[in-house]
Amino acid sequence: MDENVEQALEAALRHWKAMSGADSEEAESTADAFQASFYHFIDAVREWINGRNPRPQTLKAFLELTEVQEIVDRLPAPLYLNFETEAELLIENKQRIDDDKYD
Numbered sequence: 007m008d009e010n011v012e013q014a015l016e017a018a019l020r021h022w023k024a025m026s027g028a029d030s031e032e033a034e035s036t037a038d039a040f041q042a043s044f045y046h047f048i049d050a051v052r053e054w055i056n057g058r059n060p061r062p063q064t065l066k067a068f069l070e071l072t073e074v075q076e077i078v079d080r081l082p083a084p085l086y087l088n089f090e091t092e093a094e095l096l097i098e099n100k101q102r103i104d105d106d107k108y109d
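The sequence shown begins at 7 in my numbering and counts up by one.
This is the structure we're talking about:
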């Protein structure tokens, strides 16, 4: 797996775990930290996938990549749908505007 993707995934998973175990006083700050780390991870995936030759042209081809399977295997089930949604945008060469990111 690409080193930048690996590091960003690790950070997102750490923040996910912290958010999942946060009490009500920490809930907002841990959620914000997770959201920022998740989109940093998506940006790292975007950079990696755009550098591939050949670049996958379909979501199915993207999801079948060995590296992507490694990512999917490590994602908690609730994050898979968000990852897949972002992957669709990556394949379509679209970027989510900050206001449109999950709140």
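Cβ coordinates follow ideal geometry from the N, Cα and C atoms, glycine included.
Exercise. Between H21 and the rest of its own chain, which residues show a CB-CB distance below 6 angstroms, the 5 nearest in sequence each way excluded?
Worked result: These residues qualify, in order along the chain: A39, F40 and S43.
Exercise. Mind checking T36: buried by the 16 CB within 10 Å criterion, or exposed?
Worked result: It is buried - the Cβ of T36 has at least 16 other Cβ atoms within 10 Å.
For this session: State the DSSP-derived secondary structure class of D49, mapped to helix, strand or coil.
Result: helix
Exercise. Quick one: is L87 buried, meaning 16 or more other Cβ sit within 10 Å of its Cβ, or exposed?
Worked result: exposed
Exercise. Residue ranges of each alpha helix (DSSP H) run of no fewer than 4 residues wholly in the segment 27 to 81, ordered along the chain?
Worked result: 33 to 56, 65 to 69 and 72 to 80
Exercise. Can you list, in chain order, the residues of its chain whose CB lies under 6 angstroms from that of A28, leaving out five sequence neighbours each side?
Worked result: T36
For this session: Pick out whichever of A83, I48 and E9 has its Cα sitting closest to the Cα of E94.
Result: I48
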